[in-house]
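For reference, the structure discussed in these notes is given below.
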Amino acid sequence: MPSLDTSASNLKTLSEKVPGDTPIQMLNLLRFNAHAEYPSGTDAHPCSGREAYARYLRAVSDSMAAVGAHIRLQSRVLHTLIAPQGEQWDQVLVFEFPSLSAFFSLLEDEHYRAAAVHRTAALMDSRLVCTSEAPLH
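Numbering (the working numbering), first residue to last: 6 to 142.
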């Protein structure tokens, strides 16, 4: 079953587990649709899922900058070595936020929410994992 959006209960659990001032990184594993699947009535030209995701990134760049977030890593997946049979990803992204509170602010931003249509149209499946840097031992 595809996972495209977070749930209110997952966001609540995250806010209970992680202090609001904690710097975070959001690991995104993305599998794109061959053709973006926009809802009917959406004013978007047909394109690939990858291009729809690029539209999303362009549309959210100002909102991300406003909360102090940026892309830390953007990579095309070449091959998955360890994963359940059939699991595959097209792209890995890591977004860095100065705090969990900044992430929650982004989710409430009107322009960010409007741009989410491109993300949803782009993706066949995704994972979003909240992380925090840890020293290597």
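Where a beta carbon is used, it is the ideal one built from N, C-alpha and C, also for glycine.
Item, Value
"Going by C-alpha to C-alpha distance, which of 80, 111, 104 sits closest to residue 96?", "80"
"Which of helix, strand or coil does DSSP assign to residue 33?", "strand"
"Got a sec, what are the start and stop residues for the beta strand (DSSP E) residue 115 sits in?", "Residue 115 -> not in any beta strand (DSSP E); alpha helix (DSSP H) instead, spanning 115 to 127."
"Mind pulling the alpha helix (DSSP H) runs of 4 or more residues that sit fully within the stretch 47 to 89?", "54 to 71"
"Nearest-angstrom Cα distance between residue 121 and residue 138?", "27 Å"
"For residue 27, which residues from the same chain have a beta carbon less than 8 Å from its beta carbon, with the 5 sequence-adjacent residues on both sides left out?", "104, 105, 137"
"State the Cα-Cα distance for the pair residue 115 and residue 93, rounded to the nearest angstrom.", "32 Å"
"Among 33, 38, 29, which has the Cα closest to the Cα of residue 131?", "33"
"Going by beta-carbon coordinates alone, are residue 77 and residue 100 separated by less than 8 Å?", "yes"
"Using the C-alpha atoms, what's the distance from residue 29 back to residue 140?", "14 Å"
"Using a Cβ-Cβ cut-off of 8 Å (strictly less than) and excluding sequence neighbours within five positions of residue 20, which residues of its own chain qualify?", "105, 109"
"Report the CB separation of residue 72 from residue 111 in whole angstroms; it is logged as a contact under 8 Å.", "5 Å"
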